[in-house]
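I have placed the structure first, in the form of C-alpha cells, so that the comments after it can refer back to it.
Chains as they are written, first to last, in our numbering: chain L, 5 to 347; chain X, 5 to 347; chain R, 5 to 347; chain A, 5 to 347.
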C-alpha cells in the first residue's frame with residue numbers, strides 16, 4: 005500500500021534466538037508484519053509496515069543485526085537489492101552459480117535401469133556434473149506415461165552411487181515432497197507448477213536445493229515472486245531455469261527467452277540456467293541453443309540425453325544422442341574458455 | 005501411437021458389476037488399456053489398444069453394453085464424439101447447461117461476514133442463482149492476502165442457509181479437498197491450477213461438481229485434456245469457465261477469448277460459462293462483456309460483486325457494485341429473451 | 005518530452021483563414037510545433053510545445069477559437085478527450101456510428117461479375133447496408149491470387165448501381181489510392197498495413213471515409229496512433245474494425261478481442277465495428293461472434309458472404325452462405341431490439 | 005491445391021534467352037504457371053502446375069537446364085530445398101554469409117553530420133564492417149521525429165567515403181525506393197513493413213541487396229514468404245535480420261527469438277543476422293545478446309551505437325556507447341575464434 009515500506013533485516017551469522025526475538029518484538033510494537041526466514045547460515049526478516057514507523061528505528065544498531073535493506077520490488081529476498089553477491093547453490097558435491105557452471109544431463113524420464121544407466125554413464129564421461137531423470141511426469145493428457153514413481157527414484161539413487169553424479173528430479177504433488185526429499189540432491193518444480201503455491205511453500209520448508217523452472221507463460225516478475233515463496237520459508241538454495249515461453253511462433257515448441265538470463269542477472273542474486281531441450285523441442289536446435297546459453301552468461305544448462313531417442317516414452321524428439329552431447333560439451337568448453345569460465 | 009485405436013464403451017444404466025468385469029476381461033485378453041469411469045448413473049470404459057484387435061470384437065453385442073464409440077481427439081470422455089447431448093450439471097438446486105443459465109455472483113474473496121452477507125443479499129435479489137466467494141486465494145506475491153480458510157467456508161455455508169443460494173469456492177491444494185467438499189456446492193479450479201494434475205485427479209474422486217477455469221495460457225485442447233483428468237476418475241459434473249488469456253495487449257488484464265464458447269460447444273458436451281470480471285480486469289468492461297457472453301451462447305457468467313470495491317482486499321478494480329449488477333441482470337434477461345433463453 | 009504540453013485548439017466552424025494564421029503565428033512565437041488538420045467542417049490545430057509557454061496564452065480568447073483541449077494520450081485528435089460525442093461517418097448514403105449500425109457483407113475478393121452480383125443481391129435482400137468485396141489482396145505467399153485490380157473496382161461500382169449499396173474496398177499500395185478513391189465509398193486499410201504510415205498519410209489527404217482494421221498484432225494504443233496518422237492529415241471519417249489478434253491459441257485463426265469494443269468506446273469517439281469472419285476463420289463461428297459484437301456494443305459488423313464458399317479463391321473456409329447471413333441478420337435485429345438499437 | 009506440384013527449374017549460368025523461352029513454352033503447353041526470376045548470375049523458373057503433367061517431362065534434359073528441384077514449402081526460391089549452399093551477399097565491399105560475419109553498427113537515426121561521423125569513426129575503429137543510420141523512420145506516433153530524408157542519405161554517403169564503410173538504410177515507402185537505391189549499399193525493410201508487399205516487390209526489382217527484418221509478430225514461415233516476394237522479382241541478395249517478437253513478457257521491449265537463427269539455417273540458404281538493440285530495448289542487454297548471436301551461429305549482428313545516447317532522438321535507451329562497442333567486438337572476436345569463425 006502507498007504508505008508502506010518494505011525492508012529486509014539481515015541478522016549476523018552469529019546472532020542468536022534472542023537477538024531475533026528482540027527485533028520481532030520491536031516490529032510488533034510498531035504494527036509491522038514480519039516474515040522470518042531461517043536459512044542454514046543466517047536468519048533474515050522481511051518487514052512490511054508503515055514507512056514513517058519503520059524508518060525511524062535504528063535497525064542496524066540492534067544487537068545481532070548486520071544490515072537493513074529497503075526493497076522496492078514485489079519480490080524481496082531474491083532481489084539483488086537484498087543481496088548483491090551471487091548465490092552459490094551446492095547440489096550434492098556440485099556448486100552452481102557465481103562462476104560455477106552446471107552441466108546437467110540425462111534422460112527426460114526414467115524408463116528402465118538399463119536406459120538410465122547407459123545415459124548416466126555417457127553424460128558423466130562427456131563431462132556432466134549433475135544427472136537428470138524424472139520419476140513423476142506431469143502430462144497434458146491423462147492417457148500418457150506418468151513416470152515410474154518411487155522405483156524411479158531408487159534407480160536414480162543407484163546411478164548416483166555408480167557414476168558419482170548428484171541428481172535432480174521433478175516433484176508434482178506437495179504430498180510427494182517428503183518421499184522425494186529422501187532421495188534427490190535437488191528437487192525440480194516443473195513449468196506447469198511454477199505457480200503451484202502449496203507446492204512451493206512445501207519445498208521452502210525442506211533442506212534440499214530447488215530448481216524452479218519458469219512457467220512457460222510467466223513473466224520474469226511472476227517467476228521471481230514464485231522463487232520468493234520458496235525463499236521466505238527458509239530455503240535459500242534456489243536455481244532458476246529458463247525453458248522457453250509460449251508465443252505465436254509454431255516452428256519451435258516454445259520460444260527460448262535468452263534475454264531472461266541477463267535480465268535475471270540484473271534483478272536477482274540467484275543462479276540461472278537454460279534448458280535448450282524443452283524450449284526448442286527439436287534435436288537439431290539443442291546444441292546451438294546450448295552455445296547461446298553459455299555465451300549469454302547462464303550458470304549452466306540442462307539437456308535431455310537418450311541413447312535411443314526414437315524409442316523414448318517422453319519427449320523423444322528433443323533428446324540428443326550421447327555422441328551429440330560430447331560435441332556439445334566440447335563446444336561449451338571452448339566458448340567458456342573464451343569467456344574466462346571453466347566448464 | 006500410430007496403430008492404436010481409442011474407443012469408449014458406454015455401459016447401460018442397468019449393467020451390473022459382472023457385465024463390466026466381462027468387458028474388462030476381454031480387453032485384458034487383447035492387451036488393451038482400460039480406464040473405468042464410474043459415474044453416478046452409469047459406467048463408461050475408455051479403451052486404448054491395438055486397432056486391429058480392438059475393432060474385431062463386437063462390443064455392442066456384449067451384455068450390458070449400450071454402445072462403443074471411437075474417439076479421435078486426445079480428450080475422449082469430454083468430447084462431443086462421446087456424448088452428443090449437452091451435459092446438465094446440478095449445483096445444489098441450480099441446474100447449469102442445456103438451456104439452464106448460471107448467474108454466479110458474489111465477492112472475489114470472503115473478507116468478513118458483513119461484506120459477504122451484503123453482497124449475497126444483493127446478488128440474490130437481483131437474480132443470481134449461485135453465490136461465489138473465496139476462502140483460499142492463490143496470490144502471485146507471497147505477501148498478499150491469502151484468504152480466511154475454513155472460517156471463510158463456514159461463512160459461505162451460513163450465507164447459503166440465509167439466502168438460499170448454493171455456492172462455489174476455489175481450492176488450491178489437493179490436501180484441502182476433503183475439507184472443501186464438506187462445505188461447498190461446487191468446487192472451483194483456478195486458472196493457475198488448470199494443469200495441477202494431482203489436484204484434478206483428487207477432484208475427480210469426490211462427489212461435488214467442479215468448475216474448471218481455463219489456464220490463462222492454456223489452449224482449448226489443453227483445457228479439455230484437463231477436464232478429462234477429472235472426468236476419467238468418475239466425476240462427470242464439470243462446468244468450464246472461460247476467463248481470458250494472456251496476450252500482448254496491455255489495456256486489459258487478459259484478453260477474453262469469446263470465441264472459446266462456440267469452439268467448446270462444437271468440441272464438448274460440457275457447459276461453459278464466462279467470467280467477465282477477471283478477464284477484463286476493469287469495472288467498466290464487466291457489463292458489456294457479460295452481454296457478449298449471453299449473446300455468444302454461454303451457459304452462464306460469473307462476476308465479482310462487492311458493496312465497496314475500493315476497499316476490497318483482492319481484485320477490487322474489477323468488482324461491480326450491487327446496483328450495477330442489477331442493470332447487468334436486466335440487460336442479460338432482455339438479451340436472453342431475444343434468444344429464446346430464460347435467464 | 006517531460007516539460008512538453010499537448011493541446012488541441014479547435015477552431016469555430018465560422019473561423020476563417022486569418023484566424024487560423026493568427027493562432028499559428030503565436031505558436032511560432034513561442035516555438036511550439038503545430039499540426040493543422042483541415043476537416044470539411046472545421047479546422048483543428050494540434051500543438052506540442054513547452055508547457056509553461058503553451059499554458060500562459062489565453063487560447064480561447066483568440067478570434068475564431070472555440071476551445072483549447074489539453075490531451076494526455078499519445079493519440080490526440082482521435083481521443084475522447086478531444087471530442088466527447090460519437091463521430092458519425094457517412095459511407096455513401098449509410099451513416100455509421102452514434103447509434104447507426106453498419107451491416108457490411110459481401111464476398112472476400114471480387115472473383116467474377118456473376119459471383120459478386122449473386123452475393124450482393126443476397127446480402128442486400130437480407131438487410132446489409134454496405135457491400136464489401138476486394139480488388140487488391142495482400143497475400144502471405146506471392147503465389148496466391150492477388151485480386152482483379154481495376155476490373156474489380158468497376159464491377160463493384162456496377163453492383164452499387166444495381167443494388168443501391170455503397171461499397172468498401174481495400175487498398176494496399178499508396179500509389180493505388182487515387183485510383184481507388186475514384187470508385188469506392190469507403191477505403192479499407194487491411195490488418196497487415198495498419199502501420200504502413202505512407203499509406204495512412206495518403207488516405208488522410210483524400211476525401212473518402214477510411215476503415216482502419218486493427219493490425220493483428222497491434223495494441224489498442226498503436227491502433228489509435230495509426231488512426232491519428234489519418235486524422236491529422238485532415239480526414240476525420242474513420243471507422244475502426246476489430247478483426248482478431250495473434251495469440252498462442254490455434255483452434256481459431258486469430259483471437260477476436262471483443263473487449264476492444266468497450267475499451268475503444270472509452271478512449272475514442274470513432275465508430276468501431278467487428279469482423280467475425282477473419283478473426284475466427286471458421287464458418288461455424290461467424291454467427292455467434294456477430295451476435296457477441298451486437299451485444300457488446302459495436303457499431304457494426306463486416307462478414308464474408310459467398311454463394312459457394314468451397315470454390316472461393318480467398319478465405320473460403322470462413323465465408324457464410326446467403327441463407328446463413330439471413331439467419332444472422334434476423335438474430336442481430338432481435339438482439340439489437342433488446343438493446344434499443346435499430347439494426 | 006492438392007493435385008499441384010511445385011518445381012524450381014534452375015538454368016545453367018551459360019543458358020541463353022532461347023533456352024529459357026523453350027522451357028516456358030513447354031510449361032505453357034501443359035498449363036503450368038511460371039515465375040521467372042532473372043538473377044545476376046542465372047535465371048531460375050518457379051513452376052506451379054498439375055502434378056502428373058509437370059512430372060512427366062524430363063526437365064533436366066532440356067537445353068540450358070541445370071536441374072529441376074521439387075519444393076514442398078510455401079516459400080520456394082529461398083528454401084534450402086532449392087539451394088543447398090549458403091548464399092553470400094556482397095554489401096559494397098563486405099561479404100555477408102557463408103562464414104563472413106557482418107558487424108553492422110552506427111546510430112539508429114541520422115540526426116546530424118557531427119553525431120553520424122563521431123559514431124561512424126568509432127565503430128570503424130572498433131571493427132565494424134558496415135555502417136547503419138536511418139534517414140526515414142517509421143514511428144508509431146505521427147508526432148515523433150520522422151528522419152532527415154535525402155539530407156540524411158547524403159550524410160551517409162559522405163561518411164562512407166570518409167570511413168570506408170558501406171552503409172545500410174531503411175526505406176518505408178515504395179515511392180522512395182529509386183531515391184534510396186541511388187545512395188545506399190543495402191536497403192533495409194523494417195519490422196513494420198515486412199508484410200508491405202508492394203514495397204517488397206519494388207525492392208525485388210532493383211539491384212541493391214536487401215536486409216529484411218522480421219515482423220515483430222511474424223512467424224518464421226511468413227518471414228520466408230516475405231523474402232520470397234523479393235527473390236522472385238529477381239533480387240537474390242537478401243539478408244534476414246531477427247530483431248525480437250512480441251510476447252507477453254514486458255521486462256524487455258520484445259523477446260529476441262534466438263532459436264530463429266538455427267531454424268532459418270535449416271530452412272533457408274539466406275544469411276541471417278541478429279539485432280540485439282531493438283529486441284531487448286535496454287542498453288545492458290545488448291552485449292550479452294550479441295554474444296549469444298555469435299555463439300548460436302548468426303552471420304552477423306547490427307547494433308545502435310551513439311556517442312551520447314541520452315540525447316538521441318530515437319531509441320536512445322538501447323544504444324550503446326562507442327567504448328561499449330569496443331568491448332562487444334573484443335568479446336565477439338574471442339567467441340568467434342572459439343568457433344573457428346573470423347570476426
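Note that the Cβ used here is the ideal one computed from N, Cα and C, for glycine as well. The structure displayed is predicted, hence computed values, not measured ones.
Practice problem: Please confirm whether residue 120(L) and residue 163(L) have their CB atoms less than 9 Å apart. | Solution: yes
Quiz item: Since residue 21(A) is in the alpha helix (DSSP H), which residue starts that stretch and which ends it?
Solution: Where residue 21(A) is concerned, the enclosing alpha helix (DSSP H) starts and stops at 21–33.
Exercise. Note the first and the last residue of the continuous alpha helix (DSSP H) segment covering residue 117(R).
Key: Start and end: 117–130.
Quiz item: If you pair each beta-carbon of the stretch 224–243 of chain A with each one of the stretch 132–149 of chain R, do three or more pairs fall below 8 Å?
Solution: yes
Quiz prompt | DSSP-derived helix/strand/coil call for residue 198(L) | solution = coil
Quiz item: What number of angstroms, rounded off, separates the C-alpha of residue 306(L) from the C-alpha of residue 297(L)?
Solution: 10 Å
Quiz item: Whose C-alpha, out of 304(X), 330(X), 195(X), is nearest the C-alpha of residue 310(X)?
Solution: 330(X)
Practice problem: With a 10 Å radius around its C-beta and 16 neighbouring C-beta atoms as the bar for buried, classify residue 135(L) as buried or exposed. | Solution: buried
Exercise. Check the DSSP bridge columns for residue 217(L) and list the partner residues they point to.
Key: 245(L)
Self-check item: Selection of the stretch 137–153 of chain L by Cβ proximity to chain X, strictly under 8 Å
Solution: Listed by position, the residues of the stretch 137–153 of chain L near chain X (Cβ gap below 8 Å) are 142, 143, 144, 145, 146, 147.
Quiz item: residue 341(L) by DSSP, collapsed to three states: which one?
Solution: In the structure shown, residue 341(L) adopts helical secondary structure according to DSSP, grouped into three states.
Self-check item: 6 Å CB neighbourhood of residue 281(L) in its chain, flanking five on each side removed
Solution: 290, 307, 308, 322
Quiz item: Rounded to whole angstroms, how far is the Cβ of residue 139(L) from the Cβ of residue 156(L), which I believe are closer than 8 Å?
Solution: 3 Å
Quiz prompt | Min CB distance residue 264(A) to chain R below 9 Å | solution = For residue 264(A), the answer is no, since every Cβ of chain R falls outside 9 Å of its Cβ.
Quiz item: Mind checking residue 60(R): buried by the 16 CB within 10 Å criterion, or exposed?
Solution: exposed
Quiz item: By a C-beta neighbour count over all protein chains shown, 10 Å radius and 16 as the cutoff for buried, is residue 111(L) buried or exposed?
Solution: Classification of residue 111(L): buried, given that the 10 Å Cβ count is 16 or more.
Self-check item: Alpha carbon of residue 19(L) to alpha carbon of residue 69(L), nearest angstrom
Solution: 7 Å
Quiz item: Does the beta carbon of residue 240(A) come closer than 9 Å to any beta carbon on chain R?
Solution: no
Exercise. Answer with yes or no whether the minimum CB distance from residue 8(A) to chain L is below 9 Å.
Key: no
Exercise. Tell me where the alpha helix (DSSP H) around residue 156(X) begins and ends.
Key: 154–167
Quiz prompt | Bridge partner(s) assigned by DSSP for residue 106(R) | solution = 304(R)
Self-check item: residue 191(R), DSSP secondary structure in three states
Solution: strand
Exercise. If I'm right that residue 326(R) touches residue 126(R) with Cβ under 8 Å, what's the distance once you round it to whole angstroms?
Key: 3 Å
Exercise. Please decide whether residue 236(L) counts as near chain X, where near means a Cβ-Cβ distance under 9 Å.
Key: Chain X contact via Cβ: present.
Quiz item: Of all the options 253(X), 180(X), 277(X), 263(X), which has the alpha carbon lying nearest to the alpha carbon of residue 216(X)?
Solution: 277(X)
Quiz item: By a C-beta neighbour count over all protein chains shown, 10 Å radius and 16 as the cutoff for buried, is residue 44(A) buried or exposed?
Solution: exposed
Exercise. Could you run through the stretch 289–301 of chain A and flag, in chain order, every residue whose CB is less than 7 Å away from some CB of chain L?
Key: 289, 292, 293, 295, 296, 298, 299, 300, 301
Exercise. Note down, in chain order, all residues in the stretch 50–61 of chain L with a beta-carbon under 7 Å from any beta-carbon belonging to chain X.
Key: 52
Exercise. Please name the residues in the stretch 243–255 of chain A whose beta-carbon is closer than 8 Å to at least one beta-carbon of chain X, in chain order.
Key: 250, 251, 252, 254
Quiz item: chain X partners of residue 224(R), CB-CB under 9 Å?
Solution: Listed by position along chain X, the residues whose Cβ is nearer than 9 Å to that of residue 224(R) are 253, 254, 255, 256.
Quiz item: Cβ of residue 176(X) less than 9 Å from any chain L Cβ?
Solution: yes
Quiz item: Is the Cβ of residue 267(L) closer than 9 Å to any Cβ of chain A?
Solution: yes
Exercise. Spell out whether any CB of chain R is found under 9 Å from the CB atom of residue 195(L).
Key: no
Practice problem: Would you mind working out which of 324(R), 194(R), 151(R), 12(R) sits nearest residue 286(R), comparing C-alpha positions? | Solution: 324(R)
Quiz prompt | Secondary structure of residue 282(A), DSSP reduced to three states | solution = helix
Self-check item: Alpha-carbon spacing of residue 245(X) relative to residue 268(L), whole angstroms
Solution: 34 Å
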